[in-house]
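A short worksheet on the structure shown next.
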Amino acid sequence: RLRLIKASIDAIRWLTFQACAFRGHDESLHSRHQGNFLEMLKLLASYNEQVNEVVVTNVPKNAKYTSPKIQKEILHVMPTKVRSVIHDKIDDAKFCLIVGEARDESKRGQMAIVLRLLIKKVLYERFFVLMHVRDTSASILHKEIFDVLSRNNLSIKNIRGQGYDSASNMRGEWNGLALILNDCPPAYYVHCLVHRLRLALVAASREIILIHQFFSNLTFIVNIIVNIITASCKRSDELQAAQASKIMRNIDMLSQILQQKSQNIVNAMQLVASTKSLIQDLRDDGWENLLDVV
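Counting the sequence shown from 1 gives a position; my numbering is that position plus 558.
Here's what the structure looks like:
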């Protein structure tokens, strides 16, 4: 059983890291494709006789350890172990909270918490938890954050900063999440500067007509180019061939020169640097000429 559980953990860990679906449409014994999880177990069993003896078809039906419930339990254990390692690293150190909330594809509210901490003059950021919240109001998010910290034995008094996006329910000084300051005065609030920059660009584009027209035209042109290239396999192949030809012309010239016996190391390094510069120029400014050729 231990070998089977270990194989299940390895399969779940691999599928999780690769962001692959676990279950299949038909997981019956005679199905040609039983889903990624069961197929991965069979693959692991084919490389290990000891695992093969206890996997899928060779175990009692009440002790397979492959049910969706078992898969979810193992999945829940993994982030718990990760959070335990993060907790041990933090110990009694001070840390900052970075919180974001959004809706997933199923329209369920999600909240993500990232911890930022400084240990021995090294700055660390660790993704801590992604969780479902029934409501994205400030009071609910405030409660969930404190519950997460409490469950993981992280002291609220060690918070030294908090950062959120610009949603009014998260940043309000008096009725938002910034009320954490009441529980921990050193937890200074810092606005999400990336989000602020985006808002500044949006506001500027509304006020300055030329900027608004520039980005609108740029988006329109990019969409046209993408549609022209992707709508035809022939055009896509021609673009790739033109790009490859342009690049290989520079590289082939360098290759032939370097194969000459009369070259010295200093001259060779200069040629390599020159070729790198040509390729960089092609990357930065070669699009218009390439577009004319294609």
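Yeah, the Cβ is synthetic: ideal placement off N, Cα and C, and Gly gets one too.
Would you mind working out which of Phe595, Gln798 and Gly721 sits nearest Ile656, comparing C-alpha positions?
-> Checking every option, the nearest Cα to that of Ile656 belongs to Gly721.
Apart from the five residues on each side of it in sequence, which residues of its chain come closer than 7 Å, Cβ to Cβ, to Lys853?
-> Any property of residue 853 remains undetermined from this structure, which presents the chain solely from 559 to 852.
For Val680, count neighbouring C-beta atoms within 10 Å of its own C-beta (all shown protein chains included) and say buried if the count is 16 or more, exposed if not.
-> Counting of Cβ neighbours within 10 angstroms places Val680 among the exposed residues, the total staying below 16.
Alpha-carbon spacing of Glu607 relative to Arg709, whole angstroms = So the alpha carbons of these two residues sit roughly 41 Å apart.
Nearest-angstrom Cα separation, counted from Ser697 out to Ile632 = So the two alpha carbons sit approximately 31 Å from each other.
Is Asn727 helix, strand or coil by DSSP?
-> Because Asn727 carries a pLDDT of 49, less than 50, the predicted location of this residue cannot be relied on, and the following value inherits that uncertainty. In the structure shown, the three-state DSSP call for Asn727 is helix.
Whether Ile677 touches Lys639 by CB criterion (8 Å) | At the C-beta level, Ile677 and Lys639 stay beyond 8 Å of one another.
Proximity below 8 Å, CB of Arg561 to CB of Val609 = It is a contact, given that the beta carbons lie within the stated cut-off.
Assign Ala745 to buried or exposed, taking buried as 16 or more other Cβ atoms, counted over all protein chains shown, within 10 Å of its Cβ.
-> Buried, since its Cβ has 16 or more Cβ neighbours within 10 Å.
Rounded to whole angstroms, what's the CA-CA distance from His591 to Glu611? Just pull it up for me.
-> So the two alpha carbons sit approximately 21 Å from each other.
Going along the chain, which residues of its own chain have a beta-carbon closer than 6 Å to the beta-carbon of Met689, five neighbours each way excluded?
-> Short of 6 Å from the beta carbon of Met689, and not among the five residues preceding or following it, lie these beta carbons of its own chain, in chain order: Met669.
Assuming Leu602 contacts Asp568 under a Cβ cut-off of 8 Å, what Cβ separation, rounded to an integer in Å, is found between them?
-> Their Cβ separation, rounded to whole angstroms, is 7 Å, which keeps Leu602 and Asp568 in contact under 8 Å.
Contact belief for Ile738 with Val706 at Cβ below 8 Å, rounded distance in angstroms = Their Cβ separation, rounded to whole angstroms, is 13 Å, which puts Ile738 and Val706 out of contact at 8 Å.
What's the C-alpha gap between Arg895 and Ser713?
-> With the chain running from 559 to 852 in the structure shown, residue 895 is simply not present.
Helix, strand or coil for Leu655, going by three-state DSSP, please let me know.
-> Per DSSP, reduced to three states, the secondary structure at Leu655 is strand.
Out of curiosity, what's the CA-to-CA distance linking Val780 and Val760?
-> Approximately 19 Å between the Cα atoms of the pair.
Looking only at C-alpha atoms, which of Val748, Arg692 and Thr833 sits nearest to Arg807?
-> If we check each option's Cα against that of Arg807, Thr833 comes out closest.
May I ask you to report which of helix, strand or coil DSSP gives Leu673?
-> Leu673 sits in a strand when the DSSP states are folded into three classes.
Tell whether a beta-carbon distance below 8 Å holds between Pro637 and Arg581.
-> Going by C-beta atoms, Pro637 is not nearer than 8 Å to Arg581.
For Leu587, which option in Gln576, Thr624 and Arg674 has the closest C-alpha, if you only look at C-alpha atoms?
-> A check of alpha carbon separations from Leu587 across Gln576, Thr624 and Arg674 identifies Thr624 as the nearest.
Using beta-carbon positions only, say whether Arg684 and Ile644 come within less than 8 Å of one another.
-> Their beta carbons are under 8 Å apart, which means Arg684 touches Ile644 by this criterion.
From Gln838 to Ile809, what distance separates their C-alpha atoms?
-> Taking the straight line joining both Cα atoms gives about 13 Å.
Do Leu840 and Leu812 come within 8 Å of each other at the CB atom, strictly closer than that value?
-> In terms of Cβ geometry, Leu812 and Leu840 do not form a close pair [threshold 8 Å].
How close, in whole Å, do the beta carbons of Gly719 and Val687 come, if the pair is a contact with beta carbons under 8 Å?
-> Your pair Gly719 and Val687 does not check out as a contact, with CB atoms roughly 18 Å apart and the cut at 8 Å.
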